[in-house]
Amino acid sequence: MGDPKRPRKKYETPRHPWRADRLMEELRLVGEYGLRNKRELWRAQAILRKYRKIARSLFVLSGEERARKESELIRTLAKYGLVSENATADDVLKLTVRDILERRLQTVVYRLGLAKTIYQARQLVVHRHIAIGDQIVNAPGYLVKKDEEGKIRLLLKERAQQAPAG
9 MGDPKRPRKK YETPRHPWRA DRLMEELRLV GEYGLRNKRE LWRAQAILRK
59 YRKIARSLFV LSGEERARKE SELIRTLAKY GLVSENATAD DVLKLTVRDI
109 LERRLQTVVY RLGLAKTIYQ ARQLVVHRHI AIGDQIVNAP GYLVKKDEEG
159 KIRLLLKERA QQAPAG
């Protein structure tokens with residue numbers, strides 16, 4: 009399981025730290041998706057890198073094993089709404105970091121109209137005002153599954169009704 013005292017980084021820093029075009033693109037994405045820092049962006053890039061690496065490794069395999077692993081990968085990504093059920097490994101390679109960032113709870117809350125801005129969406133999530141079903145989720149980076157999207161709700165109104173008058 010790994011030693012809990014030594015957690016591993018879930019991201020990788022860029023190879024070249026000062027490329028202007030990369031810095032501008034990162035800054036644009038951080039602002040557009042209301043990320044706290046570039047580390048959150050790099051984490052999304054690492055998730056994307058992992059799935060793309062798996063998809064590339066499928067092309068080497070042959071026959072049954074490739075079909076089995078490809079369907080497993082597609083099923084996993086379809087669960088998050090990143091690709092359709094009948095997608096192929098090529099579709100996985102076409103994914104971008106924006107696709108991953110669109111599935112974050114913070115972004116989904118904003119897109120559903122539960123918050124006026126992407127920053128307010130982050131605050132609602134962090135302050136525990138967002139629930140998925142009956143479970144309060146306070147991680148803005150939580151990747152929302154496709155079937156959970158309809159279960160997202162705002163708890164502010166419910167809490168106001170439960171609070172005693174005074």
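Counting from 1 along the sequence shown, just add 8 to a position and that's the residue number in the numbering used here.
Just so you know, even glycine gets a beta-carbon here, dropped at the ideal spot from N, CA and C.
6 Å Cβ shell around residue i - same chain, five flanking residues per side excluded
| i | result |
| --- | --- |
| ALA139 | ARG161, LEU163 |
| GLU93 | ALA86 |
| LEU122 | LEU162 |
| ALA52 | VAL105, ILE108, LEU109 |
Cβ pair residue i, residue j closer than 8 Å
| i | j | result |
| --- | --- | --- |
| THR115 | TYR41 | yes |
| ARG112 | LEU85 | no |
| VAL100 | ARG57 | no |
| GLU34 | LYS18 | no |
Candidates the options: closest to residue i by CA position
| i | options | result |
| --- | --- | --- |
| GLU48 | GLY141, GLY71, ILE108 | ILE108 |
| VAL68 | ALA97, ARG51, ASN146 | ALA97 |
| GLU156 | TYR88, SER70, ALA52 | TYR88 |
| ILE82 | ARG44, HIS24, LEU103 | LEU103 |
| GLU20 | ILE55, ARG130, GLN170 | ILE55 |
| ALA165 | LEU132, HIS24, LYS153, ALA95 | Here residue 165 is Lys; the residue named in the question, Ala, does not match the sequence. Measuring from the Cα of LYS165, the nearest candidate turns out to be LEU132. |
| LYS159 | LEU120, ARG136, ALA129 | LEU120 |
| TYR127 | ARG44, ARG30, PRO12 | ARG44 |
Own chain partners of residue i with C-beta closer than 8 Å, once the 5 adjacent residues on each side are dropped
| i | result |
| --- | --- |
| VAL134 | ASN146, PRO148 |
Inset, instruction - Pair every Cβ in the stretch 67-77 with every Cβ in the stretch 29-45, then say whether three or more of these pairs are closer than 8 Å. - result: Taking 8 Å as the limit for Cβ pairs, the verdict is that the stretch 29-45 does not touch the stretch 67-77.
Inset, instruction - With a floor of 4 residues, list each alpha helix (DSSP H) that falls wholly inside the stretch 65-92, ordered by position along the chain. - result: 71-87
Inset, instruction - Pick out the complete alpha helix (DSSP H) segments inside the stretch 139-171, 4 residues or longer, and give them in chain order. - result: 164-170
Legend entry - Complete runs of the beta strand (DSSP E) confined to the stretch 32-58 [at least 3 residues]: none
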